[in-house]
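Student:
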Amino acid sequence: MATNVRAEAPPVAPGRPAWRSRLYRFDLKASPYAFIAPFFLCFAAFGLFPLIWTGWLSLHYVDLLKPDVLEWKGFGNYTRLWSNDQFWTALRNTFTIGVISTVPQLLMALGLAHLLNFRMRGRGFFRVAILAPYATSIAAATLVFVQLFNPDYGFINWALDLVGLHPNWYSETWPSQIAISTIVTWRWTGYNALIYLAAMQAVPKDLYEAASLDGANRWQQFTRITIPSIRPTILFTIIVSTIGATQLFGEPMLFGGGVGVSGGSAHQFQTLSLYMYELGWPSRQLGRASAVAWTMLLILLLIGLVQFLITRYRKRHELGG
Amino acid sequence: MRTTTRPRRAAVLATAVLATSALLLTACSSGSDSGSSGSGDANAKVTLTVGDFGTFGYKEAGLYDEYMAAHPNVTIKYDTVQDGQKYWDALTTHLASGSGLADIQAVEVGYIAQAANTLGDKFLDLGKTDGINPGNWLDWKSKQATTAKGALIGLGTDIGPMAICYRTDLFQQAGLPTDRTEVGKLWAGDWSKFVEAGKTYQKNAPAGTFFTDSASGLFNAALSAEPVQYSDASGKLVYKDSAGVKKAWDLAVSASQAKISAGLRQFQDPWNAAFANAKFATVVCPSWMTGVISKYAGDSGKGKWDVAAPPAAGNWGGAFLTVPKAGKHTKEAAALAAWLTAPEQQAKVFTKVGNLPSTVGGLQQSAVQGAKAEYFNNAPTGQIFAASAQSIKPAPIGEQDGNVKTIITDNGVLDIEEHGTDPAKAWSNVTKLIDDKVGH
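Those protein sequences? They're chains A and B, same order as listed. For the first sequence, the UniProt record's numbering gives the first residue as 1, with consecutive numbering after it. For the second sequence, the UniProt record's numbering gives the first residue as 1, with consecutive numbering after it.
1. Mind the definition here: the region 274–288 of chain A touches the region 283–292 of chain B only if three or more C-beta pairs lie below 8 Å; say whether that holds.
2. Going by other Cβ atoms of all chains shown within 10 Å of its Cβ, with 16 needed for buried, is B/ARG180 buried or exposed?
3. Spatial neighbours of A/PRO175 within its chain, please: C-beta separation below 6 Å, excluding the five flanking residues on both sides.
4. Which chain B residues sit within Cβ distance under 8 Å of A/SER171?
5. If you count every other CB in all the chains shown that lies within 10 Å of the CB of A/HIS317, and 16 or more means buried, which is it?
6. Of all the CB atoms in chain A, is at least one closer than 7 Å to the CB of B/SER32?
7. For A/CYS42, is the classification buried or exposed, using 16 other Cβ atoms within 10 angstroms of its Cβ as the cut-off for buried?
8. Suppose the cutoff is 8 Å on Cβ atoms and the five residues either side in sequence are ignored; what does the same chain contact list for B/GLY420 look like?
9. For a contact defined as C-beta to C-beta under 7 Å, what are the partners of B/LYS437 on chain A?
10. Please work out which residues of its chain come closer than 6 Å, Cβ to Cβ, to B/ALA319, disregarding the five sequence neighbours upstream and downstream, and give them in chain order.
11. Is it buried or exposed for B/GLU374, if we count other Cβ within 10 angstroms and need 16 for buried?
12. Less than 7 Å between C-beta atoms, sequence neighbours within five positions excluded: which residues of the same chain meet that for A/TYR313?
13. Whole angstroms are fine: how far does the CA of B/VAL245 sit from the CA of B/GLU226?
14. At 8 Å on the CB atoms, spell out the chain B contacts of A/TYR153, in chain order.
15. Please check if any C-beta of chain D sits within less than 7 Å of the C-beta of B/PHE211.
16. Nearest chain A C-beta to B/LEU414 closer than 7 Å, yes or no?
17. Tell me whether B/PRO206 is buried or exposed, calling it buried when 16 or more other Cβ atoms sit within 10 Å of its Cβ.
18. By a C-beta neighbour count over all protein chains shown, 10 Å radius and 16 as the cutoff for buried, is A/PHE35 buried or exposed?
19. Determine the direct distance from the alpha carbon of A/ALA37 to that of A/TYR24, and round the result to whole angstroms.
20. Can you tell me which residues form a DSSP beta bridge with A/TYR61?
21. Specify the secondary structure class of A/LYS29 as computed by DSSP and reduced to three states.
22. Could you check where the alpha helix (DSSP H) with A/ARG123 kicks off and where it finishes?
23. Among the candidates B/ASP89, B/ALA215, B/GLY327, B/VAL284, whose CA atom is the shortest distance from the CA of B/GLY314?
24. Using a Cβ-Cβ cutoff of less than 6 Å, which residues in the same chain neighbour B/SER242 once the five nearest sequence positions on both sides are dropped?
25. Sort A/THR189, A/SER58, A/SER21 by Cα distance to A/THR237 and report the nearest one.
26. Shorter than 7 Å from the beta carbon of A/PRO228 to some beta carbon of chain B?
27. Cutting at 6 Å between CB atoms, please list the residues of its own chain near A/LEU207, excluding the five before and the five after it.
28. Let me see if you follow: with CB-CB separation under 7 Å, is A/PRO67 close to chain B or not?
29. Under the DSSP definition of a beta bridge, which residues are partnered with A/GLN285?
30. Flag B/PHE123 as yes if its beta-carbon sits less than 7 Å from any beta-carbon of chain A, otherwise no.
31. Determine whether the Cβ of B/PRO394 lies closer than 7 Å to any Cβ atom of chain A.
32. Are there any heavy atoms of the ligand MG lying less than 6 Å away from the beta-carbon of B/GLY398, as far as the coordinates show?
33. From which residue to which residue does the beta strand (DSSP E) around B/MET162 run?
34. Have a look at the DSSP bridge pairing and note the partners of B/GLY79.
35. If you scan the region 84–170 of chain A from start to end, which runs of the beta strand (DSSP E) of 3 or more residues do you find wholly inside it?
36. Taking 8 Å as the cut-off, does the region 267–276 of chain A touch the region 86–94 of chain A (at least 3 CB pairs, one atom from each stretch)?
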């Protein structure tokens, strides 16, 4: 091989050898692109194109039943969103449900992961068990929670009755949002705990040994070693949960039953995704639904940017200090 | 070890790649074989799918099995969605894209105008199918499913003439009459008398019970007796100025404020559960509702329910069977739809789940006329509902009626019931929502 290459290298032979080496070089440069092309073609067809097409639709009036007839609206759909009460209600609900589902969920996941990180009997069993909710379908889980939260005959109100409370988990704003957040939390805590657990196991054991020699108790070890060591993982789960919370759809839809799409009679638990669906399907206004979809994307990008800036600031701050 | 894992991994990868490409290939080719519609051999094996919502009663009455036994080459599969609104949302999407459709799709009366006007060309004209005569149905029923061009896109399944279903045990405890004729007299002629009877009930009501299930049900019922509802004869939406809507709204508000309603959303889980727990004494009861009651009230309610004449006759609900053109076997599907909606089959469905026939012949069947509902204290339901059907004055229906009804009942009446919203504010919310959602 080596001799062959050297023999061809001097640019003396005209015609075929030069053509061949050009082909060889082309092959070297181009074939990697050919190999990765399937992904990018798929991404263009199923990722990028729908994104751009949705953006294009959001500038038009489009009837769901006649998706090929577009009527130009410019940014009319967006200005209409701005002045629409229901949109702001949905945005506020998405935010509050997002906070009361994500924050407890991640904190509990951290605690669970910390516990599972200890040596204990049946560790494998517990690790599988906490993932079980994640493997349950949303529909099945929500159905069970709907029964539990039934204001008149549900188990939860039966228990709360003993202390004199009687919230209506469907019609009141905070109870309904808490109920939905409970489903989300139940479903995703184990998943996040496993991710944290994986990260915790990568933390060098000698750090803990050194710390315990220095007299640090378990809690100090947790806050001083574990948390800083898995900070990138925590950031990752925060981002993923934020995206999930912004797109929350199935749980409130199924929890609300017949009034699920409108998020209750006063839209008390309608999320942005549900609002988008209500505009696009029952109201058949695909253009406005697309505008909501793009607004959601922009909100996510905005949140992502804020998170990015905070991380960068903290990194600099820590390096400086 | 090492040597064995490598080839295995390669094999797994190859299988995955093959499976993926096979998926892609089939996904691309699935559109090609939908062109022909059951041509040629009459005995060729066909599988027909039926998509419906709620309780159509075909399975319950054993009609699918009966048809398959008579037509050995036909296999029937069915897919039932509980919630009518969700069913329609999915169906419109499928119709627009021309995929995912069953061979026969049911359409509720609230959406039939939309199907006939906007989507008319997506459905087979069943009027041209052998053995189907639009005159077999009640005149107004067939008219509702006829497009501007005169195509009959849907065959009527049932109609929903109303009565009032009530619990005799609760009525007795509250000191109201229990005999169905006497009960009918309590509110004969006027829906506001129904609310008055409710106030009487509530004074001596057994603890924790209400006179009726929901103000929305009352709204639907009172509106259905009105000659003008959401739309005028030209199909234009006139709900804001409609005397009928105003009357029904005021009635629902008065019922809610008098606290005679349990404030439940119909067809929702707590509503279903409340039947079994005897939480309310009356339900406005179109013929198809009798099936719902016996299902949810279960054995414990047997013999305790009865049926009385309504304050005013009206039609609530009912449906049609359509055959989308995109189906593979439209000819066989049309034959099945015609058979399912023929008088004899409609009568069988009625005896099983209580959906009242929409064909003239079906209403005259002795099985319907002489029907007594064992569950409902042997009430002569056939007679009561058929009598109610006679006095129905059909109102014009428009394209957006279904949506407008959903918003008024779910975001208006229910909002008042659940949150005690000021009725005037609730009405302005409703008009705002409808203006926002309907039209451009």
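By construction, the Cβ of each residue, glycine as well, lies at the ideal position given by its N, Cα and C atoms.
Tutor: Walking through what the data contain:
1. no
2. Taking the first residue of the second sequence as position 1, residue 180 of chain B is located at position 180. Answer is buried; the Cβ neighbour count reaches 16.
3. For this step, residue 175 of chain A is matched to residue 175 along the first sequence. Taken in chain order, the residues that qualify are PRO167, TRP169.
4. In the first sequence, counting from the first residue as 1, residue 171 of chain A sits at position 171. In chain order: GLU418, HIS419.
5. As a first step, residue 317 of chain A must be located in the first sequence, where it is residue number 317. Flag for A/HIS317 reads exposed.
6. As a first step, residue 32 of chain B is located in the second sequence; it is residue number 32 there, counting from the start. Because the pLDDT of B/SER32 is 37, which lies under 50, any placement of that residue in the model is unreliable, and the number read from its coordinates should be weighed accordingly. Not an interface residue.
7. For the purposes of this step, residue 42 of chain A is taken as the residue at position 42 of the first sequence. Counting Cβ neighbours within 10 Å, A/CYS42 comes out exposed, since fewer than 16 surround it.
8. For the purposes of this step, residue 420 of chain B is taken as the residue at position 420 of the second sequence. Cβ neighbours of B/GLY420 beyond the five flanking positions: none.
9. To locate residue 437 of chain B, count along the second sequence from 1; it is residue 437. The answer, in chain order, is SER283.
10. Taking the second sequence and counting its residues from 1, the one referred to as residue 319 of chain B is at position 319. Around B/ALA319: ALA106, GLU108, THR157.
11. As a first step, residue 374 of chain B must be located in the second sequence, where it is residue number 374. So B/GLU374 counts as exposed.
12. As a working note, residue 313 of chain A is residue 313 in the first sequence. Same-chain partners within the cutoff: there are none.
13. Stepping through the second sequence from its first residue, residue 226 of chain B is reached at position 226. Stepping through the second sequence from its first residue, residue 245 of chain B is reached at position 245. The alpha-carbon atoms of B/GLU226 and B/VAL245 are separated by roughly 8 Å.
14. Start at 1 with the first residue of the first sequence, and residue 153 of chain A comes out as number 153. Near A/TYR153 (Cβ distances below 8 Å), the residues of chain B are PRO270, ALA273, ASN277.
15. Of the protein chains in this structure, namely A and B, none is chain D.
16. One-based indexing of the second sequence puts residue 414 of chain B at position 414. Chain A, which has a Cβ nearer than 7 Å to the Cβ of B/LEU414, makes this yes.
17. Your numbering for residue 206 of chain B matches position 206 in the second sequence. The residue in question, B/PRO206, is exposed, as its Cβ has fewer than 16 Cβ neighbours within 10 Å.
18. One-based indexing of the first sequence puts residue 35 of chain A at position 35. Exposed: under 16 other Cβ atoms inside 10 Å.
19. By 1-based counting over the first sequence, the position of residue 24 of chain A is 24. By 1-based counting over the first sequence, the position of residue 37 of chain A is 37. Answer to the nearest angstrom: the Cα atoms are 20 Å apart.
20. Position 61 of the first sequence, counted from the first residue, corresponds to residue 61 of chain A. For A/TYR61, which the question treats as bridged, DSSP gives the partners A/GLU71.
21. Taking the first residue of the first sequence as 1, we reach residue 29 of chain A at position 29. DSSP places A/LYS29 in helix when its eight states are reduced to three.
22. Locating residue 123 of chain A in the first sequence gives position 123, counting from the first residue. Where A/ARG123 is concerned, the enclosing alpha helix (DSSP H) stretches over 123–129.
23. On the second sequence, residue 314 of chain B is found 314 positions in, with the first residue counted as 1. Measuring from the Cα of B/GLY314, the nearest candidate turns out to be B/VAL284.
24. On the second sequence, residue 242 of chain B is found 242 positions in, with the first residue counted as 1. VAL228, listed in sequence order.
25. Position 237 of the first sequence holds residue 237 of chain A. Taking only the C-alpha atoms, the option nearest A/THR237 is A/THR189.
26. The residue labelled residue 228 of chain A in the question sits at position 228 within the first sequence. No, A/PRO228 lies away from the interface with chain B (no Cβ there is under 7 Å from its Cβ).
27. Within the first sequence, residue 207 of chain A is the residue found at index 207, counting from 1. Excluding sequence neighbours, A/LEU207 sits near ILE225.
28. For the purposes of this step, residue 67 of chain A is taken as the residue at position 67 of the first sequence. By this cut-off, A/PRO67 is an interface position.
29. Taking the first residue of the first sequence as 1, we reach residue 285 of chain A at position 285. For A/GLN285, which the question treats as bridged, DSSP gives the partners A/ASP63.
30. By one-based count along the second sequence, residue 123 of chain B stands at place 123. No, no contact with chain A.
31. Within the second sequence, residue 394 of chain B is the residue found at index 394, counting from 1. Chain A contact via Cβ: absent.
32. Summarising the ligand content, the structure contains no ligands, and the ligand MG is consequently not present.
33. Along the second sequence, one-based indexing puts residue 162 of chain B at 162. Element bounds for B/MET162: 154–167.
34. As a working mapping, residue 79 of chain B is identified with position 79 in the second sequence. Going by the sequence as given, residue 79 of chain B is Asp instead of Gly. Looking at the DSSP assignment, B/ASP79 forms a beta bridge with B/GLY51.
35. none
36. yes
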